[in-house]
Amino acid sequence: MSSLAMVDYINAERKAKAEAEGLTFPCKRYRKLSHDNFLKKVPKVLGENDCRKFLR
8 MSSLAMVDYI NAERKAKAEA EGLTFPCKRY RKLSHDNFLK KVPKVLGEND
58 CRKFLR
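For the sequence shown, the residue numbers in the numbering used here are 8 to 63.
Dropping the structure here:
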């Protein structure tokens, strides 16, 4: 799965959760993830060694 596809998947999940709770998307609780913000978070989540493999 590409990083763009992951961002689309995450946003779709957030949208579904927001709509299930009667909220609009994006909202304060369920924010829209952008690709550049996703790439900034990858090293924090995967760690420096593993993120090199992902960010190629």
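Backbone N, C-alpha and C define an ideal beta-carbon position, used for all residues, glycine too.
Rounded straight-line distance, which links the Cα of residue j to that of residue i
i     : j     : result
ILE66 : GLU55 : A query on residue 66 cannot be resolved here, the shown segment of the chain reaching from 8 to 63 and no further.
SER41 : ALA12 : 11 angstroms
ASN44 : PRO50 : 11 angstroms
SER9  : LYS48 : 15 angstroms
LEU46 : LYS24 : 23 angstroms
ARG59 : VAL52 : 12 angstroms
GLU26 : ASP57 : 34 angstroms
PHE32 : LYS39 : 8 angstroms
Distance CB(residue i)-CB(residue j) smaller than 8 angstroms
i     : j     : result
LEU30 : ARG36 : yes
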